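*Asks:* Residue numbers (our numbering), protein chains in the order written: chain A, 1317 to 1657; chain B, 345 to 664. The beta-carbon is built from N, C-alpha and C at its ideal position, and this holds for glycine as well. In this text, all values refer to a predicted model and were calculated from it rather than measured experimentally.
#1: With burial defined as no fewer than 16 other Cβ atoms inside 10 Å of the residue's Cβ, what is the status of residue 539 of chain B: buried or exposed?
#2: Assuming residue 1354 of chain A and residue 1521 of chain A are in contact, meaning their beta carbons sit under 8 Å apart, how far apart are those beta carbons, in whole angstroms?
#3: Locate the alpha helix (DSSP H) running through residue 1477 of chain A, then write down its first and last residues.
#4: DSSP on residue 621 of chain B, reduced to helix/strand/coil?
#5: Quick one: which residues of the segment 568–579 of chain B get their C-beta closer than 7 Å to a C-beta of chain A? List them in chain order.
#6: For the segment 1467–1484 of chain A, enumerate the residues whose C-beta is nearer than 9 Å to any C-beta of chain B, in chain order.
#7: Under 8 Å, Cβ to Cβ, is there at least one residue of chain B near residue 1375 of chain A?
#8: Starting from residue 1616 of chain A, trace the alpha helix (DSSP H) in both directions and tell me its first and last residue.
#9: By how many angstroms is the C-alpha of residue 573 of chain B removed from the C-alpha of residue 461 of chain B?
#10: Using 8 Å as the limit for Cβ to Cβ distance, is residue 564 of chain B near chain A?
#11: Would you mind giving the Cβ-Cβ distance between residue 1357 of chain A and residue 1537 of chain A, rounded to the nearest angstrom? I have them listed as a contact below 8 Å.
#12: Tell me which same chain residues have a C-beta within less than 6 Å of the C-beta of residue 1620 of chain A, skipping the five on either side of it?
#13: Opposite residue 422 of chain B in the DSSP bridges: which residues?
#14: Could you have a look at residue 1538 of chain A and say whether DSSP puts it in helix, strand or coil?
#15: Taking the alpha-carbon positions, what's the residue 1437 of chain A to residue 1485 of chain A distance?
#16: I want to verify the contact list: residues of chain A whose CB lies under 9 Å from the CB of residue 478 of chain B, in sequence order.
#17: Expressed to the nearest angstrom, what Euclidean distance is found between the alpha-carbon atoms of residue 1483 of chain A and residue 1489 of chain A?
#18: Can you confirm whether the segment 1363–1374 of chain A touches the segment 1324–1332 of chain A when touching is taken to mean that 3 or more C-beta pairs between the two stretches lie within less than 8 Å?
#19: I'd like to check one pair, residue 633 of chain B with residue 493 of chain B: are the Cβ atoms closer than 8 Å?
#20: Residue 1412 of chain A versus chain B: which residues are under 9 Å apart at the beta carbon?
#21: Chain B partners of residue 1417 of chain A, CB-CB under 8 Å?
#22: Taking only the alpha-carbon atoms, compute the straight-line gap between residue 1589 of chain A and residue 1598 of chain A and give it to the nearest angstrom.
#23: Taking buried to mean at least 16 other C-beta atoms within 10 Å of its own C-beta, is residue 629 of chain B buried or exposed?
#24: Starting from residue 1347 of chain A and walking both ways along the beta strand (DSSP E), at which residues does that stretch end?
#25: When DSSP labels each residue in this structure, what does residue 1368 of chain A get in the three-state scheme?
#26: Roughly how many whole angstroms lie between the Cα atoms of residue 395 of chain B and residue 583 of chain B?
#27: Cβ closer than 9 Å: which chain B residues qualify as neighbours of residue 1449 of chain A?
#28: Could you tell me the distance, in whole angstroms, from the CA atom of residue 1416 of chain A to the CA atom of residue 1472 of chain A?
#29: So residue 393 of chain B is in the alpha helix (DSSP H); what residue range does that whole segment cover?
#30: Tell me whether the segment 1557–1567 of chain A and the segment 1383–1399 of chain A touch, counting them as touching only if at least three CB pairs, one residue from each stretch, are closer than 8 Å.
#31: Let me know if residue 1336 of chain A comes out buried or exposed under the rule of 16 or more other beta-carbons within 10 Å of its beta-carbon.
#32: Return the CA-CA distance between residue 1439 of chain A and residue 478 of chain B, expressed in angstroms with no decimal places.
#33: In chain order, which alpha helix (DSSP H) runs of at least 4 residues are fully inside the segment 554–610 of chain B?
#34: Looking at residue 459 of chain B: is its Cβ nearer than 8 Å to the Cβ of residue 579 of chain B?
#35: Are the segment 1499–1517 of chain A and the segment 1461–1479 of chain A in contact at 8 Å, needing three or more beta carbon pairs?
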């Protein structure tokens, strides 16, 4: 992992919600920083509503972050307007969660796949046709399907079309927003295999957003765990799953359903109590303190910063470092350090 | 219509079918809709080829035939001026149908444009535009049309004296179209409100769909998203909704002509024929019967067909 392809620096996103005359801020993403290395798969996990998707939408330019910066291949793209962003769209693509919902019902497969080509690449008709055929072969679709409409395809085929649309312009980074969440288990495995195969062949970088820990464990090299719009832990996936440091990560990984009854390593099941607090009224101090089994007095007062706690591992928890250390270690480039190590 | 006819673009099952084709297939299975469509087809053909179909002149009658009942020469009888009822009915279909269709088309174009802009741009634009619709909505439609008619209509201007300016120009157009111009104008200007609301609502829901987001993520320009992603997905239901309104417009025309605000006298329209006939209704019932039947049958046919089309396009029937 020599080069970074994407660096997210303390991005924030809040939505204003009007309740009668009161205006309230829903803080969906708070100071999220991480770095994705070229050619890797980076996982972003967390419960529903923790800001994973909003983060991805900010990166894809579908949402403008309220603060912070996004650096893609060395260029700051976080606050560009639609026109200035367009050149980056070719290299930065997204695959959506619901395959049928993400395809225009009045577009045939051909129109769907061809649209990005027409926008970003000026090809002769012959080249365009060749390109479409190549891509179909890559994603494993028969060329008879070109004239079909989305509702005539299986969900696996639909998602393959979604993937084809994303990769047809040769992107460098593809954001996968729960690409397998709405698929059958049998199809899920094949789509994941396809994605990994494409990555190997085309050298694409993936940012995979998922709440499915199994998928993340299987696919991602680095993983960041999000809770209420904050990243609580980042590390190498294998280590993270084996030795979770943050109590939330530990609980999350412990809660994952298993086929065999054994628990491996030091892993133990931690049950967390209570509900996720409302993102409109974030708790003081550490966001996880109302539910944390290892809560300390300091947790209620100070919000822990993301600090380097072990080799290639960052945790935002008072168990691993006092606030004094925090300032020296976790400066803006914190995310970068974690990923480069 | 127990068995579907294999014509009209039906395809074998392994060939791709667009949503429209699917809808067509479902429509053809609906007997009431097919019957309605067939009746309408006959009426439309009669209206279009009225000049060839109608056996007699519609303006010149024979005094000896005043109030004549049905006979071999005049199957539906003659009216108070001895004019052939059948011929007037056929030409009346032309007026009534075009009032419905052109009214619907005007309302459709204005409503869709308005709703599309309000829904797609959102925010303050949307707010202002929709408040305007709300205000317009609070006027009674019929009252507005009547006021418009009374204000502009040629038959109410000082007789024979040409007026200058804008109002005069409008009156001339009205006179040239036999009094139909203001019916179109009145219906068009007052009936787009519902369409605007409907389209705006649909645009809002389509705009939140993932495929619009996906198009944005791909880098599709805004105008193209509006044209190729939003509009086609809004248009289908909007057309159906507007088609369901056509009978209402035909009724407006009949009503306005009946109370004397519609077409100008020599021009036959079903409403006009009713208003000419009802004076002699007790002794010569056929003067009222035929135009009333024509209106009812047409409205029935339209409603059956419209319901069928709506059911055929029902989104609940497409696989999700």
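*Replies:* Taking the coordinates as given:
#1: Here residue 539 of chain B refers to the residue found at position 195 of the second chain. By the 10 Å Cβ count, residue 539 of chain B comes out buried.
#2: Here the question's residue 1354 of chain A lines up with position 38 in the first chain. Here the question's residue 1521 of chain A lines up with position 205 in the first chain. Rounded, the Cβ-Cβ distance is 6 Å, consistent with contact.
#3: As a working note, residue 1477 of chain A is residue 161 in the first chain. 1471–1483 is the extent of the alpha helix (DSSP H) around residue 1477 of chain A.
#4: What you label residue 621 of chain B is simply residue 277 of the second chain in a count that begins at 1. DSSP places residue 621 of chain B in helix when its eight states are reduced to three.
#5: 573, 576 and 577
#6: 1467, 1468, 1478, 1481 and 1482
#7: The count along the first chain starts at 1 and reaches residue 1375 of chain A at position 59. For residue 1375 of chain A, the answer is no, since every Cβ of chain B falls outside 8 Å of its Cβ.
#8: Working through the first chain from its first residue, we reach residue 1616 of chain A at position 300. 1613–1617 is the extent of the alpha helix (DSSP H) around residue 1616 of chain A.
#9: As a first step, residue 461 of chain B must be located in the second chain, where it is residue number 117. As a first step, residue 573 of chain B must be located in the second chain, where it is residue number 229. Distance between the alpha carbons of residue 461 of chain B and residue 573 of chain B is about 14 Å.
#10: Sequence index remark: in the second chain, residue 564 of chain B carries index 220 (1-based). Output row for residue 564 of chain B: interface = yes.
#11: The sequence position of residue 1357 of chain A within the first chain is 41, counting from 1. The sequence position of residue 1537 of chain A within the first chain is 221, counting from 1. About 6 Å; that satisfies the 8 Å criterion.
#12: Looking up residue 1620 of chain A in the first chain gives position 304. Only 1602, 1632, 1633 and 1634 meet the Cβ criterion.
#13: Position 78 of the second chain holds residue 422 of chain B. For residue 422 of chain B, which the question treats as bridged, DSSP gives the partners B/428.
#14: For the purposes of this step, residue 1538 of chain A is identified with residue 222 of the first chain, where counting begins at 1. Residue 1538 of chain A falls in the strand class under three-state DSSP.
#15: Your numbering for residue 1437 of chain A matches position 121 in the first chain. Your numbering for residue 1485 of chain A matches position 169 in the first chain. Taking the straight line from one Cα to the other gives about 8 Å.
#16: As a position in the second chain, residue 478 of chain B is number 134, starting the count at 1. The premise fails here: residue 478 of chain B is roughly 20 Å from chain A at the closest Cβ pair, so nothing lies under 9 Å.
#17: Along the first chain, read from residue 1 onward, the residue named residue 1483 of chain A stands at position 167. Along the first chain, read from residue 1 onward, the residue named residue 1489 of chain A stands at position 173. Answer to the nearest angstrom: the Cα atoms are 9 Å apart.
#18: yes
#19: Counting from 1 along the second chain, the entry for residue 493 of chain B is found at position 149. Counting from 1 along the second chain, the entry for residue 633 of chain B is found at position 289. The answer is no: Cβ separation not under 8 Å.
#20: Looking up residue 1412 of chain A in the first chain gives position 96. The contacting residues are 554, 555, 557, 558 and 561.
#21: Against the first chain, residue 1417 of chain A aligns to sequence position 101. Here the neighbours are 553, 554 and 555.
#22: Within the first chain, the letter at position 273 stands for residue 1589 of chain A. Within the first chain, the letter at position 282 stands for residue 1598 of chain A. Distance between the alpha carbons of residue 1589 of chain A and residue 1598 of chain A is about 17 Å.
#23: As a position in the second chain, residue 629 of chain B is number 285, starting the count at 1. Exposed is the call here.
#24: In the first chain, counting from the first residue as 1, residue 1347 of chain A sits at position 31. Counting along the chain, the beta strand (DSSP E) containing residue 1347 of chain A begins and ends at 1338–1353.
#25: One-based indexing of the first chain puts residue 1368 of chain A at position 52. In the structure shown, residue 1368 of chain A sits in a helix (DSSP, three-state: H, G or I).
#26: The residue labelled residue 395 of chain B in the question sits at position 51 within the second chain. The residue labelled residue 583 of chain B in the question sits at position 239 within the second chain. Cα to Cα, residue 395 of chain B sits roughly 30 Å from residue 583 of chain B.
#27: Within the first chain, numbered from 1, the residue matching residue 1449 of chain A stands at position 133. Ordered by position in chain B, no residue passes the 9 Å Cβ test against residue 1449 of chain A, which lies about 18 Å from the chain.
#28: For this step, residue 1416 of chain A is matched to residue 100 along the first chain. For this step, residue 1472 of chain A is matched to residue 156 along the first chain. Going by the C-alpha atoms only, they are around 10 Å apart.
#29: Taking the second chain and counting its residues from 1, one reaches residue 393 of chain B at position 49. Element bounds for residue 393 of chain B: n/a, residue is neither H nor E.
#30: no
#31: On the first chain, residue 1336 of chain A is found 20 positions in, with the first residue counted as 1. The residue is exposed, with fewer than 16 neighbouring Cβ atoms inside 10 Å.
#32: Translated into the one-based positions of the first chain, residue 1439 of chain A becomes position 123. Translated into the one-based positions of the second chain, residue 478 of chain B becomes position 134. Using only the alpha carbons, I get a separation of about 49 Å.
#33: 554–562, 575–587 and 590–602
#34: For the purposes of this step, residue 459 of chain B is identified with residue 115 of the second chain, where counting begins at 1. For the purposes of this step, residue 579 of chain B is identified with residue 235 of the second chain, where counting begins at 1. Not closer than 8 Å, so no.
#35: yes
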